[in-house]
Each structure stands twice: as C-alpha cells, then as structure tokens.
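Oh and the first sequence: position 60 is 55 in our numbering, straight run, nothing missing.
For reference, the structure is listed below as structure tokens.
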Amino acid sequence: MELSEKVYRIVRQIPEGRVLTYGDVARMTGIRSPRVVGIFLHRNPDPAKTPCHRVVNHIGKVSSGYAFGGAEVQKKKLIDEGVPFVKDRVNLRVSLWIR
DNA sequence: ATTAAGGCATGAA
DNA sequence: GTTCATGCCTTAA
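Spelled out as structure tokens, the structure:
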C-alpha cells in the first residue's frame, strides 16, 4: 500500500471540528517527512472522502494551496465545522485532534 | 530495473 | 517573529 493511502486514511478519520498537523499525520503514517504529507494532500486529494481541509501546519494556519478551491474555503469550512479561528489561526490546543 | 526531477512543512538559532 | 537548512515520497521516462 502506498503511504499516500495511509495519509488519506488518517485524514478521513479526523473527526469533525478537529484538525491535525502535517507532522502528526506524518508520524501516524510512518512517514519520516511531514512535507510528503503536504504533497499528498495537495496532489491527490479526494474531496469526497478526504477532508484535507482539516490539516493545517503546526502553527494552526492553513497551508498553501487548497485542493477544493482556496485557503479561504478551507478556513470557512473549518469554522463551519466548529473550529475557532483566531486571526487566521486555529487554537491547536483546543482543536487539535488527539488520537 | 534504474535514474531524474519535482514539491512541501518542520525544526532550530 | 524571522531566517536558514534539511529530507522525503511520488511520478515519469
């Protein structure tokens, strides 16, 4: 199985209103580099099954390039799901999905 | 089967 | 808050 599928699996398991960082996803998938995760999410995103909009960088800000249409959409979706945005940033302490 | 290139987030000072 | 440097995986020929 390609690691990319693993990444998507994890992302799919992210509950609504919660987010993860690329680094966390990388660790869960066993990838040694978080950048690969970002590449996967940007390259082969499955809009219907892969909520890549729930993946943000370790600062809580949405990463560059959004497969669904734009970072604004991603931000809006997150807010819509109940993720509090504070000045274009998410409170990872609160919204970060833990296991 | 191998080589080559591309593209992205993290950590530390 | 900023800047610098790094490694890794996928796809294509």
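The C-beta atom is built at its ideal place from N, Cα and C for all residues, glycine as well.
From the listed residues K56, I34, S28, E0, the smallest Cα separation to S90 is found for K56. DSSP, reduced to helix, strand and coil, places T24 within a helical segment of the structure shown. Less than 8 Å separates the beta-carbon of L36 from that of V50. Taking all protein chains in view, the Cβ of P42 is surrounded by fewer than 16 other Cβ atoms within 10 Å, so the residue is classified as exposed. Collapsing the DSSP output to three states places F35 in a helix. T24 is positioned such that its CB atom lies closer than 8 Å to that of I5. Just so you know, the alpha carbons of T45 and R7 end up roughly 5 Å apart. Taken through DSSP and simplified to helix, strand or coil, V57 comes out as strand. Distances from the alpha-carbon of C47 to those of T16, R84, D83, E(-3) put T16 closest. Annotation: the continuous alpha helix (DSSP H) that includes L(-2) extends over -2 to 8.
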